[in-house]
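Enquirer:
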Amino acid sequence: MLKTSGFGWDDEPKMVLVDREDVLQAYIKKEPDAMNMRDKSFPYYEDWLVLFGKDRATRELVEGVMDIIW
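Just add 8 to the spot in the sequence shown (first one is 1) and you have the numbering used here.
(1) For Val-58, does the count of other Cβ atoms within 10 angstroms reach 16, so buried, or fall short, so exposed?
(2) With DSSP as the reference, label Met-23 as helix, strand or coil.
(3) Using DSSP with H/G/I as helix, E/B as strand and the rest coil, what is Asp-47?
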């Protein structure tokens with residue numbers, strides 16, 4: 009989201025900023041879960057960067073319930 013044109017970051021309240029409503033609505037069409045991010049503070053953002061770094065879920069090495077049991 010932060011790498012998308014029209015979005016920014018306010019370090020004081022630790023919130024994502026959006027320039028225009030249509031930018032947000034277009035992003036929500038692609039990523040429906042982003043709907044809940046508007047006006048939401050992320051006070052632990054810097055801590056998350058330290059913990060997770062550049063790690064991302066890629067679906068590689070995914071295990072199902074039966075894989076875990078056996």
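Ideal placement from N, C-alpha and C gives every residue a C-beta, glycine not left out.
Expert: The answer reads as follows:
(1) Looking up residue 58 in the sequence shown gives position 50. Result: exposed.
(2) Locating residue 23 in the sequence shown gives position 15, counting from the first residue. Reduced to three states, the DSSP call for Met-23 is strand.
(3) On the sequence shown, residue 47 is found 39 positions in, with the first residue counted as 1. Looking at Asp-47 - three-state DSSP - the assignment turns out to be coil, as it is neither helix nor strand.
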